[in-house]
Structure formats: C-alpha cells, structure tokens
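Trainee: Got a structure for you, questions after.
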Amino acid sequence: MNADGKSRYHEVHARSLADPEGFWAEAAKEIDWIEPPKTIFDPSQGTYGRWYVGGVVNTCHNALDRHVEGGRADQVALIHDSPLAGSVTRLTYAELLHEVQALGAIMQDFGVAKGDRVILYMPMVPEAVVAMLACARVGAVHSVVFGGFAAKELATRIDDAQPKLILSASCGIEPGRIVQYKPLLDEAIRLAGSKPKACIVLQRPQLTCDMTPGRDYDWASLRRKAMNDGKKAACVPVAATDPLYILYTSGTTGIPKGVVRDNGGHLVAVKWSMFNLYGVKPGEVWWCGSDIGWVVGHSYIVYGPLLHGATTIMYEGKPVGTPDAGAFWRVIAEHKAIAFFTAPTAFRAIRKDDPEGKFIRQYDLSKFRTLFLAGERADPPTVEWAEQQLKVPVIDHWWQTETGWCIAGNPVGLGMLPVKHGSPTVPMPGYQVDVVDEAAKPVGPNTMGSIVIKLPMPPGCLPTLWNQDDRFREAYLSEFPGYYKTSDAGYKDEDGYVFVMGRTDDIINVAGHRLSTGGMEEILASHPDVAECAVLGVKDAIKGEVPCGFLVLKTGVKRAPAEIEKEIIALVRDKLGPVAAFKLAITVGRLPKTRSGKILRGTIKKIADGDSWTMPATIEDPKTLDEIGEALKGRV
Numbered sequence: 001m002n003a004d005g006k007s008r009y010h011e012v013h014a015r016s017l018a019d020p021e022g023f024w025a026e027a028a029k030e031i032d033w034i035e036p037p038k039t040i041f042d043p044s045q046g047t048y049g050r051w052y053v054g055g056v057v058n059t060c061h062n063a064l065d066r067h068v069e070g071g072r073a074d075q076v077a078l079i080h081d082s083p084l085a086g087s088v089t090r091l092t093y094a095e096l097l098h099e100v101q102a103l104g105a106i107m108q109d110f111g112v113a114k115g116d117r118v119i120l121y122m123p124m125v126p127e128a129v130v131a132m133l134a135c136a137r138v139g140a141v142h143s144v145v146f147g148g149f150a151a152k153e154l155a156t157r158i159d160d161a162q163p164k165l166i167l168s169a170s171c172g173i174e175p176g177r178i179v180q181y182k183p184l185l186d187e188a189i190r191l192a193g194s195k196p197k198a199c200i201v202l203q204r205p206q207l208t209c210d211m212t213p214g215r216d217y218d219w220a221s222l223r224r225k226a227m228n229d230g231k232k233a234a235c236v237p238v239a240a241t242d243p244l245y246i247l248y249t250s251g252t253t254g255i256p257k258g259v260v261r262d263n264g265g266h267l268v269a270v271k272w273s274m275f276n277l278y279g280v281k282p283g284e285v286w287w288c289g290s291d292i293g294w295v296v297g298h299s300y301i302v303y304g305p306l307l308h309g310a311t312t313i314m315y316e317g318k319p320v321g322t323p324d325a326g327a328f329w330r331v332i333a334e335h336k337a338i339a340f341f342t343a344p345t346a347f348r349a350i351r352k353d354d355p356e357g358k359f360i361r362q363y364d365l366s367k368f369r370t371l372f373l374a375g376e377r378a379d380p381p382t383v384e385w386a387e388q389q390l391k392v393p394v395i396d397h398w399w400q401t402e403t404g405w406c407i408a409g410n411p412v413g414l415g416m417l418p419v420k421h422g423s424p425t426v427p428m429p430g431y432q433v434d435v436v437d438e439a440a441k442p443v444g445p446n447t448m449g450s451i452v453i454k455l456p457m458p459p460g461c462l463p464t465l466w467n468q469d470d471r472f473r474e475a476y477l478s479e480f481p482g483y484y485k486t487s488d489a490g491y492k493d494e495d496g497y498v499f500v501m502g503r504t505d506d507i508i509n510v511a512g513h514r515l516s517t518g519g520m521e522e523i524l525a526s527h528p529d530v531a532e533c534a535v536l537g538v539k540d541a542i543k544g545e546v547p548c549g550f551l552v553l554k555t556g557v558k559r560a561p562a563e564i565e566k567e568i569i570a571l572v573r574d575k576l577g578p579v580a581a582f583k584l585a586i587t588v589g590r591l592p593k594t595r596s597g598k599i600l601r602g603t604i605k606k607i608a609d610g611d612s613w614t615m616p617a618t619i620e621d622p623k624t625l626d627e628i629g630e631a632l633k634g635r636v
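At position 147 of the sequence shown (counting the first as 1) the number is 147 in UniProt numbering, and the numbers step up by one without a gap.
If you want it as structure tokens, here you go:
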C-alpha cells in the first residue's frame, strides 16, 4: 500500500511486464541460494524458456533449516487438526526439521538419490508433510496421489513416474467410515509394469493393515531406529531447473498428464505470493483447507507458508458433519488463523446447512482478516453471503494445477482493489492475461473469448509435462501461438478485471448464440431457496444444445421442488431473455463432485446426453451419479 492509501498493484504489475528479469531477480533475493542463478530467464531453454538458469538451491533448506537457524526454531510450523481422528498435533520448526532429517536418511538407506521419484499415497496426516519435505531435502521428485485413489489410476501414475519408493498409510478417515489404502496400493502395484523397490507404510491406530514381506516396511519402526541412531540427511543441492515434484491433473485417463514443478521458480513465486497476494506476515497463522493431493495443498498447506516462516494448519475433516457446519469457525478461532483459503463449494455446503450463520456467531473470529476462495468459480451469491456473515474481505482468485499459483486475484499485500462480484479481480504480477478469438487476436472489453497467458509464463508455472514435451506443446502452446492456453473462457472488462465464466467447453451454443453456463449459474444461485447449482448444455435436435440446470435446495426449505423449478425458469428468462432457451430445472439431493469440490459437469452432461461414461477417479461419492440418473429420467 502506498502512503496515500492507494494500491501499489498497477505500478508493480506494469513493472513485472516491462522488466520481468529485473522484477523476478529482485523477488529471488528472498530465497537462500547455494549458487545464485547465472541467468534470470533464458528463452533458449526448455519449451518456452526457463527461469533461474544456473542457480543451485534446496527447497527444504528454505522451508525449514533457515528458519531454525534464523530464530524460529521454537515457533509452531505445523498444526494438524483432525476432528475425524479426534486429535490436534503441533510441530515446531525444529521438531519438523528433526522428523524430515530422519525420514530423508531413511529414504537414502533405500537408495533414493537426486532425481529419483517417490510416490506419496497418503491421508491428511503430518507424516505426509514430512515426506514431501524429506523428498525435497534429498533431491528426490515427489508425486502425491490422493490416498484412496482408485488402484487403476494409481497404477498409471506408478508407470509414468516409475518411483523407486512409495510412501503410504494403512487407511484414511472419512465421516462415518474408514478407507483402507493397502488393498488399493497392492492392486495398483500388481497392475503397474514398473515396480517400486519398497513401500514404507504408516500404520494408523484406526485400522492397521497386513504388510507384504520383503517389500513393505513399517514407518514407525524405521523412524524409531533412525532417531535412535541419530541419522540425519543433509540438504542435497539441486539445480533451480530440476523438478521438485510431479502432480498429475485430476480425471486423466490413459497416459496421465504429469505437471512438472521446478525448484527455483516455485520457491520464488510462492514465497512472493504469501505476503503480496495473501497479506500474511512471517509468524502468523495461516490455514489452507485443501488436500495435499491437489496443487493448492502443495503450494499453500506445505511450501508457501513454511517458506515464509508462517504457521500452517493442516485439517483432516469436512466443512460440515465433523461435527457440524461450525467446523471451520472452530479451527479458525482455536488456532487464531488470520486468513483462510478454501473452495467455494465448501461455503455452499456451510450455507446450505446454516443459512443464517448461527454457528459463525458461536466463535471468536476477532483475529480473522481475510477469506480466499478458489478451485472453481465463486458465484456472487455465495461471496455475498460470506461477506455479510464474516464481515471481512472475501477474495475470489483463479489459478490452475499447471500454474501452481494465482493467475488473477486481489493482492492484499499490495493494497486491495475494489471487489467486483463474479471476478477474481486482476492478473497477478508476471502474468499478461489476454482474451482472444479463434484466430488468437485479442478481443475488446466485455467480449467473451478464450483466456490465454502471454509467454513466457512467470516463475512457478509448469515448464513442461513429465517426459512429454511434445504433448505439452500440443495441449497448451499450439492453438494460440505465443500464448499458453488456459482452456478457460471469459472476458475482461474496461477496468482490466478478469471474468472467468467456465471452461471453454462450458460455453454452450444455443441456436448459434454463445452462452455462458457460469452466467446462468449466477442467476440460479441468486434464488433464495437454492444452496448450490450447476448448469450445462444438453443435446437438442433443433437448437444443438439447450441449458439444463441442476439445483440443490437449502436445508429446511419446505416448498415443493416443482414450484421452485418454475420460479428458476422464469428468473433466467427475465434476466437473460428467451434466447437462453432455459426451460429445464431439476432438483437433486446432491451434486456429484471431485474430492476437491469441483462439480463433475462433464460426467453429468454425458449422463444427460445418453452418452457412454466412466466413473471419474476423483469422485467424492459415486452414488451421486446414480441420483442424477434417476432425476433425469423422463426429463430430457
């Protein structure tokens, strides 16, 4: 913020585009380098250029050792809060370093060296954070796969990454059930052509598992021996351009797309974002309510806050039902979190169960400053509800697995800009975001098109896909020359605010009119009885496609669904006109979602169109798709 109270955003963003090398050289001073980069950006390297070429670094040193040496040894680094396990665990920076040094030494005993891959198939437990950091410490490349992910999907990732070691656990805990991981892991290894040298398995007290002799090793026994023997792995120097991790994008089939994240660019970008975007200071408590299986969990449960010297909360629970719709407020109040980052779908679930916000008022949220939403489009009614209930800024921001950090947001540390509901605000420094037509020509303000990012992308974004440079070029760089294709559609307004209206395949063509399903969802969500909704295009013999709306009603709504559906149809007609051809609204009990809360629109559309479909690997509850099928009978 400037002395006159105005945001510094515009001058900072302009400088980042006018002199990217100078800008990101300055940001890199926040990082401890073993050898500073020889070249800040080299356009001749990689698929579109590489950041911090010649630099040598260690990510774990930057996340732990430097804080322990610099006076934060006794500060809490990680708070693990699990209403499902009924436990809260706190680890200081010194304690976390001690655990990571020991696990790093154990990995090295199994022959893991710089560049080797290690798959983590784990629940939301502190050991998962220890494992990620231990990989970074010894120069190994980690690939986190959701614990409980289907065996076939895990097998494809084992074959692609070819890990030397797999770290897993006996089980995960979901509300009302225990998910056994070991049978899934065993089946995945049986299916995979590439076999790991060994598996280290954390036996959780909720359910222990059988071990495969000669391949499986007990985590606690190995840890105890390493600690007793005083084994400690040192930080292994790696090139800034070496991979830190591979993260497979959700819902992939066949050969998966492994997004590569490098060490140097990732360090600089996520460290820069912690204050400049999120407004968090070292020593403060920050909570990202994601899962380590997602990119958000990598960047903002583990790496970002620890690189910044903050305290990070890791939560094993749900927004509702563990035990109630006040779960989030308890965590924020108990641990004095100053900012919270979650998915809009979590807030829709809370709003559905507690529309008047009664639980919010049961907790002391006086230290809480900002709520951040990302993961899918934050519909204005949900944002407005959160603003009214929490009385703090509610900031939508937009990014992707591929970018690793925010593309467009509202920079708290630089001074917030005015909020426009429905927009994640403006491109972050380093990003030139354009909206283009099919010929890759930029379109004017308020004109729908494909959202693209001008090359080169800033530090932290993917340099390529794991062992698939050609596929990377084809999937992301070829359609719009000189740009990275986000596969999102939307527009920018006259103030440069970005509006992401959906994936490009969520723009439906109704009798030649290009209509945004995101815009329709906004209208549906504004109805007082609707908790959440999804709109998608279904096949129509005359118009090509027509929109179909799925509604989930708020808890306690007594009115007949048919009556509400009629009101919804009238509301869309009133706001968008007859051109929308919106005549179908269907009430369902729940919407099918991924484990990160994204609505499975593509699968719902296939069911509605009568096309063949397969069960998505990332689905939270498969029964929801049966419920959609039942609701659609006789309606489409």
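Every residue gets a Cβ at the ideal spot worked out from N, C-alpha and C, and that includes glycine.
1. Could you check how far apart the C-beta atoms of tyrosine 476 and lysine 485 are, in whole angstroms? I think they sit under 8 Å.
2. At what residues does the beta strand (DSSP E) containing arginine 117 begin and finish?
3. Output the residue ranges of the beta strand (DSSP E) runs that lie fully inside the UniProt domain "AMP-binding enzyme C-terminal" (520–598) and measure 3 residues or longer, sorted by chain position.
4. Would you call residue 646 buried or exposed, if buried means 16 or more other Cβ atoms sit within 10 Å of its Cβ?
5. Does threonine 253 pass the burial test, meaning 16 or more other C-beta atoms within 10 Å, or should it be called exposed?
6. Are at least three pairs of beta-carbons, each pair with one atom in the region 316–327 and one in the region 137–153, less than 8 Å apart?
7. Please identify the residue among Val452, Glu630, Pro578, Val296 whose C-alpha is closest to the C-alpha of cysteine 406.
8. Please determine, among Lys225, Ser221, Pro183, Ala239, the residue with the shortest C-alpha to C-alpha distance to threonine 212.
9. Kindly give me the distance between the Cβ atoms of tryptophan 329 and phenylalanine 372, rounded to whole angstroms, as I take these residues to be in contact under 8 Å.
10. By DSSP's criteria, methionine 314 is part of a beta bridge. Which residues make up the other side?
11. Over what stretch of residues does the alpha helix (DSSP H) that includes cysteine 171 continue unbroken?
12. With DSSP collapsed to three states, give me the class of leucine 133.
13. Within a Cβ cutoff of 7 Å, which residues of the same chain sit near glycine 251, ignoring the five residues on either side of it in sequence?
14. Look up threonine 51 in the DSSP assignment and give the residues it is bridged to.
15. Along the alpha helix (DSSP H) that carries isoleucine 395, what are the first and last residues, could you check?
16. Output needed for lysine 352: all residues of its chain with C-beta closer than 6 Å, excluding positions within five of it in sequence on either side, in chain order.
17. Should tyrosine 48 and isoleucine 40 be called a contact, given that it needs their Cβ atoms to be closer than 8 Å?
18. When burial is assigned at 16 or more other CB atoms within 10 Å of the CB, is isoleucine 34 buried or exposed?
19. At the level of alpha carbons, what is the spacing between glutamine 468 and glycine 602?
20. Taking contact to mean at least 3 C-beta pairs separated by less than 8 Å, is the region 390–398 in contact with the region 417–427?
21. Return the bridge partner residues of proline 427 from the DSSP annotation.
22. Ordered along the chain, which non-local residues of its own chain (more than five positions away) have a Cβ less than 6 Å from that of leucine 191?
23. By a C-beta neighbour count over all protein chains shown, 10 Å radius and 16 as the cutoff for buried, is alanine 131 buried or exposed?
24. Could you check the C-alpha separation between methionine 457 and glycine 430 for me, to the nearest Å?
25. For valine 255, count neighbouring Cβ atoms within 10 angstroms of its own Cβ and tell me buried if that reaches 16, exposed if not.
26. Could you tell me whether the region 136–143 touches the region 68–75, using the rule of 3 or more Cβ pairs below 8 Å?
27. With distances taken Cα to Cα, identify the nearest neighbour of threonine 464 among Ala239, Pro36, Leu247.
28. Consult DSSP for asparagine 62 and reduce its assignment to one of helix, strand or coil.
29. Classify threonine 253 as helix, strand or coil using the three-state DSSP reduction.
30. Looking at valine 498 and valine 433, is the spacing between their C-beta atoms short of 8 Å?
31. Please work out which residues of its chain come closer than 6 Å, Cβ to Cβ, to isoleucine 599, disregarding the five sequence neighbours upstream and downstream, and give them in chain order.
32. Does the pairing of the region 194–212 with the region 231–246 give three or more beta-carbon distances under 8 Å?
Mentor: Walking through what the data contain:
1. Indeed, because the Cβ distance is near 5 Å, the residues count as touching under 8 Å.
2. Its beta strand (DSSP E) spans residues 117–122.
3. Counting whole runs of 3 or more residues, the UniProt domain "AMP-binding enzyme C-terminal" (520–598) contains the beta strand (DSSP E) stretches 530–540, 544–553, 584–587.
4. Because the chain is modelled from 1 through 636, residue 646 falls outside the range shown and cannot be assessed.
5. With a pLDDT of 44 at threonine 253, under the threshold of 50, the modelled position of that residue is not reliable, and the figure given next carries that caveat. Looking at its Cβ environment, which holds fewer than 16 other Cβ atoms inside 10 Å, threonine 253 is exposed.
6. No, the region 316–327 does not touch the region 137–153.
7. Nearest of Val452, Glu630, Pro578, Val296 to cysteine 406, Cα basis: Val296.
8. Relative to the Cα of threonine 212, the nearest Cα in the group Lys225, Ser221, Pro183, Ala239 belongs to Pro183.
9. By a beta-carbon distance limit of 8 Å, tryptophan 329 does not contact phenylalanine 372. Their separation comes to about 16 Å.
10. Beta-bridge pairing by DSSP links methionine 314 to His80.
11. No alpha helix (DSSP H) contains cysteine 171, which is instead part of the beta strand (DSSP E) from 171–174.
12. Reduced to three states, the DSSP call for leucine 133 is helix.
13. Note on glycine 251: pLDDT 41, under 50, position unreliable in the model; the coordinate value appears next. Contacts found: Pro616, Ala617, Thr618.
14. Looking at the sequence provided, one finds tryptophan at residue 51 rather than threonine. In the DSSP secondary-structure assignment, tryptophan 51 is bridged to Phe41.
15. First-last for isoleucine 395: 394–396, but that is the beta strand (DSSP E), not the alpha helix (DSSP H).
16. Answer for lysine 352: Ala531, Lys554, Thr555, listed in chain order.
17. For the pair tyrosine 48 and isoleucine 40, the CB atoms are not nearer than the 8 Å cut-off.
18. Burial call: exposed.
19. Straight-line measurement puts the Cα of glycine 602 at about 25 Å from the Cα of glutamine 468.
20. Touching, per the Cβ criterion.
21. Answer by DSSP bridge pairing, in chain order: Ala408.
22. Answer for leucine 191: Ala155, listed in chain order.
23. Buried, since its Cβ has 16 or more Cβ neighbours within 10 Å.
24. Distance from the CA of methionine 457 to the CA of glycine 430, rounded to the nearest whole angstrom, comes to 7 Å.
25. It is isoleucine, not valine, that sits at residue 255 in the sequence shown. Isoleucine 255 comes out exposed.
26. Cβ pair count under 8 Å is below three, so no.
27. Of the listed residues, the one whose Cα sits closest to threonine 464 is Leu247.
28. If DSSP states are grouped into helix, strand and coil, asparagine 62 belongs with the helices.
29. For threonine 253, the predicted structure reports a pLDDT of 44, less than 50, and the residue's modelled location is therefore unreliable. The matter cannot be settled from this model.
30. Cβ atoms of valine 433 and valine 498: closer than 8 Å.
31. Excluding residues within five positions, the ones whose Cβ falls inside 6 Å are Ala534, Leu591, Lys593.
32. Contact between the region 194–212 and the region 231–246 is absent: fewer than 3 CB-CB pairs across the two stretches fall below 8 Å.
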